[in-house]
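Only one structure is covered here, and it is reproduced in the block below.
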Amino acid sequence: MYHRLPLKLVACAVAAPTLLYALFVALLTIPYLQNQVIYLHSVTQTGPLDLNVPEQWGFLRNQVTPFHLRTPDGETLHAWHVLPLGLYQQHEARLVQEEPAASARAAPDVSQRLSFQLLRDDPEALLVLHFHGAGGTLGSGWRPPSYRAMSAAAPDKIHVVAIDYRGFGTSTGSPSEEGLLLDAQTLAAWAMNDAGIHPSRIVLFGQSLGTAVCISLAQTLAAAAAMTGEEDKKSPVLFAGIVLVAPFADVATLTATYRVAKTVPLLGPVAQFPGLLTWLNTYIQSKWPTKERLADFVRACQRIPGDGPKYDVTMIHAQDDYDIPWVHSDVLYWYGVNASSPSGMTLEELEREKVASRVELGTVVGLSLLAHRPASSGNRSPSTACMIGSCRILW
Ligand SMILES: *[C@@H]1O[C@H](CO)[C@@H](O)[C@H](O)[C@H]1NC(C)=O
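Everything in the sequence shown is counted per our numbering, starting at 4 for the first residue and increasing by one.
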């Protein structure tokens with residue numbers, strides 16, 4: 004009697020966390036909860052700020068126009084059109100006079116706004132379509148400062164339009180792989196048809212989850228074009244470029260490596276048993292097979308007739324990224340390069356080529372452009388850039 008109690012306690016101490024963890028993993032097979040973990044859309048990180056009053060983020064009066072996009076399946080997406088500062092300065096007097104978009108509501112008709120007209124009527128305007136990562140809204144964290152930074156290369160030309168996907172922020176619906184692709188297609192159609200910006204003046208920018216959305220969008224539009232080619236409606240849509248910040252190979256690879264807040268490997272214990280992890284992955288509905296889609300995209304582009312570069316992909320990944328390990332960009336890059344040569348390329352061949360064509364860009368701690376560890380050196384080292392195929396910084 005006397006000895007049993009501690010034993011029981013020990014047994015409980017071991018069994019309880021194991022059972023709780025098993026319960027957690029079991030819950031992940033329920034699509035609703037799984038989506039909450041993959042998309043983190045319930046975590047808004049916007050505090051008391053109102054997404055319809057962008058001035059609260061330090062933008063100038065009417066520099067940002069909040070507006071709505073309707074998707075073909077009836078969702079309403081919240082969007083921001085961010086004017087570059089140089090252009091704002093040229094039209095400041097008129098912009099300041101305009102009533103802010105219906106006093107704290109999204110502009111009912113964005114085409115009536117001066118900001119929209121400045122975008123549409125400038126034949127040299129450049130547009131970045133911004134696809135954010137999981138969690139938060141288009142107003143979270145460093146996202147608003149990054150919209151500002153993007154116009155630095157041409158402060159009177161580069162506009163940014165960012166959206167909250169379905170289920171994020173004040174957009175309606177709930178996220179899914181098909182849904183987010185439809186959201187991206189809706190934004191691209193708005194940019195090309197409503198704003199009249201030719202795709203050669205549009206860059207897709209994605210971060211984390213947004214990179215998967217960008218590649219899906221680009222691949223869908225290029226593949227449709229490659230197969231048909233003739234009809235006007237389906238003529239090739241090739242964007243000026245695609246910028247991927249912290250991309251990932253696919254969700255299945257990510258589940259094995261993902262760490263919450265730098266430390267907790269969410270599925271680390273499961274990953275010890277590859278069979279179990281594979282089984283669990285069959286329950287994942289949002290697979291985002293980005294590496295295959297990037298390869299399909301490259302192949303589709305190459306089938307489109309005509310000279311000149313058809314695609315331009317830039318990958319940016321911190322070497323010490325603790326959410327999405329750097330190896331994801333390595334894998335993606337390999338799939339992209341492999342697809343660009345008819346006979347393919349092994350990882351070893353690619354590594355040799357990278358070493359041979361590497362361009363030193365100086366030391367940037369933790370950040371590299373199209374960077375790949377030199378095969379020979381293991382330490383964190385100078386940033387490196389590897390130019391193979393048609394990879395280049397935008398504009
Ligand atoms: C590389 O390309 C070859 C030829 O197109 C293909 O058979 C192979 O599956 C590709 N490998 C990868 C890892 O994409």
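Glycine included, every Cβ here is placed at the ideal spot set by N, Cα and C. Just so you know, these numbers come straight off a predicted model, no measurement behind them.
| query | Mind checking whether residue 203 and residue 137 have CB atoms under 8 Å apart? | reply | Residue 203 sits at position 200 when you count from the first residue of the sequence shown. Residue 137 sits at position 134 when you count from the first residue of the sequence shown. In terms of Cβ geometry, residue 203 and residue 137 do not form a close pair [threshold 8 Å].
| query | Under the rule that 16 or more other beta-carbon atoms within 10 Å means buried, what is residue 168, buried or exposed? | reply | Working through the sequence shown from its first residue, we reach residue 168 at position 165. Buried: at least 16 other Cβ atoms inside 10 Å.
| Given residue 51 as reference, the closest of 77, 196, 281, 140 once Cα atoms are compared | Against the sequence shown, residue 51 aligns to sequence position 48. Ranking the options by Cα distance to residue 51, first place goes to 140.
| field | Residue closest to residue 185, alpha-carbon to alpha-carbon, out of 360, 223, 38 | value | Taking the sequence shown and counting its residues from 1, the one referred to as residue 185 is at position 182. When each option's Cα is compared against that of residue 185, the closest is 223.
| field | Through-space distance from residue 66 to residue 49, alpha-carbon basis | value | Taking the sequence shown and counting its residues from 1, the one referred to as residue 49 is at position 46. Taking the sequence shown and counting its residues from 1, the one referred to as residue 66 is at position 63. Cα to Cα, the separation comes out at about 19 Å.
| message | Please identify the residue among 134, 97, 322, 360 whose C-alpha is closest to the C-alpha of residue 63. | response | Sequence index remark: in the sequence shown, residue 63 carries index 60 (1-based). Measuring from the Cα of residue 63, the nearest candidate turns out to be 97.
| task | May I ask you to check if the CB of residue 298 is nearer than 7 Å to at least one heavy atom of ligand 1? | result | Taking the sequence shown and counting its residues from 1, the one referred to as residue 298 is at position 295. Yes, the beta carbon of residue 298 sits closer than 7 Å to at least one heavy atom of ligand 1.
| request: Kindly indicate the opening and closing residues of the alpha helix (DSSP H) around residue 339. | output: On the sequence shown, residue 339 is found 336 positions in, with the first residue counted as 1. Segment 330-343, the alpha helix (DSSP H) holding residue 339.
| Would you report the Cα separation of residue 319 and residue 208, rounded to the nearest angstrom? | On the sequence shown, position 316 is the one that residue 319 refers to. On the sequence shown, position 205 is the one that residue 208 refers to. Going from the Cα of residue 319 to the Cα of residue 208 covers about 11 Å.
| message | Rounded to whole angstroms, what is the Cα-Cα separation between residue 194 and residue 84? | response | Position 191 of the sequence shown, counted from the first residue, corresponds to residue 194. Position 81 of the sequence shown, counted from the first residue, corresponds to residue 84. Each residue's Cα considered, the two are about 11 Å apart.
| task | Under the assumption that residue 158 contacts residue 88 (Cβ atoms under 8 Å), give the Cβ distance between them as a whole number of angstroms. | result | Here the question's residue 158 lines up with position 155 in the sequence shown. Here the question's residue 88 lines up with position 85 in the sequence shown. Rounded to whole angstroms, the Cβ separation of residue 158 and residue 88 is 5 Å, and the two are in contact under 8 Å.
| Do the stretch 249-259 and the stretch 282-302 make contact, defined as three or more Cβ pairs closer than 8 Å? | Yes, the stretch 249-259 touches the stretch 282-302.
| By DSSP, does residue 370 sit in helix, in strand, or in coil? | Indexing the sequence shown from 1 puts residue 370 at position 367. Per-residue confidence for residue 370 stands at a pLDDT of 40, beneath the threshold of 50, marking its modelled position as unreliable; the derived number appears in the next sentence. Collapsing the DSSP output to three states places residue 370 in a strand.
| request: Express the C-alpha separation of residue 59 and residue 122 in angstroms, rounding to a whole number. | output: Walking along the sequence shown from the start, residue 122 turns up at place 119. Walking along the sequence shown from the start, residue 59 turns up at place 56. Between residue 122 and residue 59, the C-alpha separation is close to 23 Å.
| query | Straight-line CA distance for residue 155 to residue 131? | reply | Taking the sequence shown and counting its residues from 1, one reaches residue 155 at position 152. Taking the sequence shown and counting its residues from 1, one reaches residue 131 at position 128. Distance between the alpha carbons of residue 155 and residue 131: 12 Å.
| query | Under a Cβ-count criterion, where at least 16 other Cβ atoms within 10 Å of its own Cβ denotes burial, should residue 199 be classed as buried or exposed? | reply | Position 196 of the sequence shown, counted from the first residue, corresponds to residue 199. Under this definition residue 199 is an exposed residue.
| field | Close Cβ partners of residue 182 (< 6 Å) along its chain, the five nearest in sequence each way excluded | value | Here residue 182 refers to the residue found at position 179 when the sequence shown is read from its first residue. Non-local C-beta neighbours of residue 182 in its own chain, meaning closer than 6 Å and more than five positions away in sequence, comprise 169, ordered along the chain.
| task | Please classify residue 207: does DSSP put it in a helix, a strand, or coil? | result | In the sequence shown, the residue the question calls residue 207 occupies position 204. Under the three-state reduction of DSSP output, residue 207 falls in the strand class.
| query | Are there 16 or more other CB atoms within 10 angstroms of the CB of residue 337, so buried, or fewer, so exposed? | reply | Counting from one through the sequence shown, the residue named residue 337 turns up at place 334. Residue 337 should be labelled buried.
| query | By how many angstroms is the C-alpha of residue 16 removed from the C-alpha of residue 296? | reply | Counted from its first residue, the sequence shown places residue 296 at position 293. Counted from its first residue, the sequence shown places residue 16 at position 13. Per the coordinates, the alpha-carbon of residue 296 lies some 46 Å from the alpha-carbon of residue 16.
| field | residue 201 classed as buried or exposed, judged by whether at least 16 other C-beta atoms fall within 10 angstroms | value | As a working mapping, residue 201 is identified with position 198 in the sequence shown. Burial call: exposed.
| query | Would you say the beta carbon of residue 338 comes nearer than 7 Å to a heavy atom of ligand 1? | reply | For this step, residue 338 is matched to residue 335 along the sequence shown. Checking every heavy atom of ligand 1 against the Cβ of residue 338, one is found closer than 7 Å.
| said: For ligand 1, is there any heavy atom lying closer than 7 Å to the beta carbon of residue 401? | reply: No statement about residue 401 is possible, as the shown extent of the chain runs from 4 to 398 and does not include it.
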